[in-house]
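Only one structure is covered here, and it is reproduced in the block below.
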Amino acid sequence: MTVQVTIRTLNEMKQKGEKIAAITAYDYPFAKIADESGVHILLVGDSLGMVVQGGINTLSVTMDEMIYHTRMVARAARHALVIADMPFLSYQTSIPDAIANAGRFLKESGAAAVKLEGGASVCHVIKALCEIGIPVQAHIGLLPQSVHQMGGYRVQRDEERLLADAQAVEAAGAFSVVMEGMPAGISAKITKSVSIPTIGIGAGPGCDGQILVLHDLLGIHDRQLPRFVKQYVRLKDIASDGIRAYVREVVDGVFPSKDHSY
Ligand code: KIV
């Protein structure tokens, strides 16, 4: 029997010291493969702006695009908790905007929770969403939506600030926190100091769980990958071998053969 992961499951996993495996997903087929492979969290990340849409950053992703992708992922999920990423300017503008947009994810896409970027500065938003029953995963450290303010994708090393951000989002009601791009020593300290599960990306092994971008770990692109990414397979090579073989056979008149004809 498939057991549905909930935010309670994740909390219990932290308490028992069991590691949480999260992955990003953007469409039905890959979400289904990931769900059946046992991941605990499927995050529909706004990273889709880069890895699916081919953009240079995540800033142009819209709510409608996020809803479209989250729907496909939620349809595939039988086990994993589906979290939808709130895109740039969907929650920073006002509390009513944040509620309306987070609410759309639960009402229209089948997500069970939302994620938003920021620490102490977005606690008023986290609190407002939690008060109306929308579970929120926070995201601190390297914040891709603030790429211009950070002057690039830079590892964050201000320990005092990172710790304060983690504690602030926990106090505001976040059920979990993604910690991106920070030294392993800092993320390990934060993980011990909060009671909510910490999910690291480029934050070392001391977090309660890990997340990677699906296209990075499967080697779908041949772009330069950051040091923290481990590529488990080179799907691009497998896919292009298959497509090249098909093209060759069509050009040579080998495909379709009798076996593939009526
Ligand atoms: O957008 C995203 O995919 C993310 C993860 C990398 C944490 O925020």
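Per this note's numbering, the sequence shown starts with residue 23, numbered consecutively. The C-beta atom is built at its ideal place from N, Cα and C for all residues, glycine as well. Bear in mind that the values here come from a model prediction, so they are computed numbers and not experimental data.
Is residue i near the ligand KIV, going by C-beta to nearest heavy atom under 8 Å?
{"i": "K137", "result": "yes"}
{"i": "V235", "result": "yes"}
{"i": "D49", "result": "no"}
{"i": "I212", "result": "no"}
{"i": "T80", "result": "yes"}
{"i": "S69", "result": "yes"}
{"i": "P248", "result": "no"}
{"i": "D244", "result": "no"}
{"i": "D15", "result": "For residue 15 there is no data in the structure shown, the boundaries of the chain being 23 and 284."}
{"i": "L65", "result": "yes"}
{"i": "E202", "result": "yes"}
{"i": "I223", "result": "yes"}
{"i": "Q46", "result": "The sequence as given places Thr at residue 46; Gln does not occur at that position. Checking the Cβ of T46 against the ligand KIV gives yes."}
{"i": "P219", "result": "no"}
{"i": "D107", "result": "yes"}
{"i": "P166", "result": "yes"}
Between the Cα of residue i and the Cα atoms of the options, which residue gives the shortest distance?
{"i": "M108", "options": "L234, R245, F127 and A261", "result": "F127"}
{"i": "K133", "options": "A102, H146 and I148", "result": "The sequence given here has Ala at residue 133, not Lys. The option with the nearest alpha carbon to A133 is A102."}
{"i": "R245", "options": "L234, Q26 and K258", "result": "K258"}
{"i": "G125", "options": "L151, R97, Q26 and V144", "result": "L151"}
{"i": "A43", "options": "P248, L239, S262 and R249", "result": "L239"}
{"i": "Q114", "options": "T31, S131 and I148", "result": "I148"}
{"i": "L165", "options": "G264, S217 and Q178", "result": "Q178"}
{"i": "L185", "options": "H170, E153, G141 and I156", "result": "G141"}
{"i": "R192", "options": "C229, T220, E181 and I154", "result": "Note that residue 192 is Glu in the sequence shown, not Arg. The option with the nearest alpha carbon to E192 is T220."}
{"i": "R93", "options": "K129, Q75 and T213", "result": "K129"}
{"i": "H10", "options": "D281, I156 and Y254", "result": "Absent from the structure is residue 10, since the part of the chain shown begins at 23 and ends at 284."}
{"i": "I29", "options": "V235, P118 and I156", "result": "I156"}
{"i": "A194", "options": "E153, D281, L32 and Q26", "result": "E153"}
Are the beta-carbon atoms belonging to residue i and residue j less than 9 Å from one another?
{"i": "Y48", "j": "V66", "result": "yes"}
{"i": "A188", "j": "M172", "result": "no"}
{"i": "A225", "j": "S215", "result": "no"}
{"i": "V120", "j": "L138", "result": "Residue 120 is actually Ala in this sequence, not Val. In this structure, L138 lies closer than 9 Å to A120 by Cβ."}
{"i": "G231", "j": "K54", "result": "no"}
{"i": "C80", "j": "F52", "result": "According to the sequence as given, residue 80 is Thr; it is not Cys. Not closer than 9 Å, so no."}
{"i": "R256", "j": "G241", "result": "yes"}
{"i": "E34", "j": "R100", "result": "no"}
{"i": "A98", "j": "V158", "result": "no"}
{"i": "C145", "j": "A190", "result": "yes"}
{"i": "R176", "j": "G203", "result": "yes"}
{"i": "H243", "j": "V83", "result": "no"}
{"i": "S112", "j": "A160", "result": "no"}
{"i": "S3", "j": "M88", "result": "As displayed, the chain neither begins before 23 nor continues past 284, which places residue 3 out of reach and without an answer."}
{"i": "S217", "j": "K38", "result": "no"}
{"i": "D68", "j": "Q167", "result": "yes"}
Between residue i and residue j, which are expected to be in contact by the criterion C-beta below 8 Å, what is the C-beta distance as a whole number of angstroms?
{"i": "A135", "j": "I105", "result": "5 Å"}
{"i": "R233", "j": "I45", "result": "The identity of residue 233 in the sequence shown is Ile, whereas the question assumes Arg. Yes, I233 and I45 are in contact; Cβ-Cβ is about 7 Å, under 8 Å."}
{"i": "L64", "j": "V95", "result": "6 Å"}
{"i": "F277", "j": "Y284", "result": "15 Å between Cβ atoms; not a contact."}
{"i": "I223", "j": "F250", "result": "7 Å"}
Across which residues does DSSP place residue i in a beta bridge pair?
{"i": "K137", "result": "D107 and Q159"}
{"i": "E202", "result": "G163 and I223"}
{"i": "I42", "result": "G231"}
{"i": "L65", "result": "T46 and I105"}
Closer than 8 Å: is that where the CB of residue i sits relative to any heavy atom of the ligand COA?
{"i": "H161", "result": "The ligand COA is not part of this structure, which contains only the ligand KIV."}
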